[in-house]
Amino acid sequence: MKKLFQLTPLLELSQYETLKIIGPYRFVHADGTSCSFHYAHYHIVIHGKTVTIHALKEELLHLTVEGLQEIHMKKTTDVSKHVE
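For the sequence shown, counting from 1, position 26 maps to 26 in UniProt numbering; every step adds exactly one.
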């Protein structure tokens, strides 16, 4: 039932402080000031003053970044890193 309305991957950034990802992703790393993950053929890295993860579920990642410094998205070419 969770996929009843969500047909494509969704990455939502609100006010440059809240990030929500809905859909399959692969978590890579997190610490107090950064996190990284693979999502929809991209490797995404986020850096800020603080990074707080609120939800880390099968197809949901929800985090808050205080003092956003950088969001880096790079298309991956390695097929083994893709999340389908």
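We put the CB at the ideal spot given by N, CA and C, even for glycine. If you're wondering where the values come from, they're calculated on a predicted model, not measured in any experiment.
So who's on the other strand from residue 74, going by DSSP bridges? 43
Hey, residue 12 and residue 65 are a contact pair by Cβ (cut 8 Å); roughly how many whole angstroms apart? Actually they do not touch by this definition, with Cβ atoms about 13 Å apart.
For my contact list, residue 45 and residue 30 are in at a C-beta cut-off of 8 Å; report their separation, rounded to the angstrom. Wrong, their Cβ atoms sit about 11 Å apart, outside the cutoff.
In terms of alpha-carbon separation, which member of 63, 74, 75 lies closest to residue 14? Ranking 63, 74, 75 by CA distance to the CA of residue 14 puts 63 first.
Does residue 21 pass the burial test, meaning 16 or more other C-beta atoms within 10 Å, or should it be called exposed? buried
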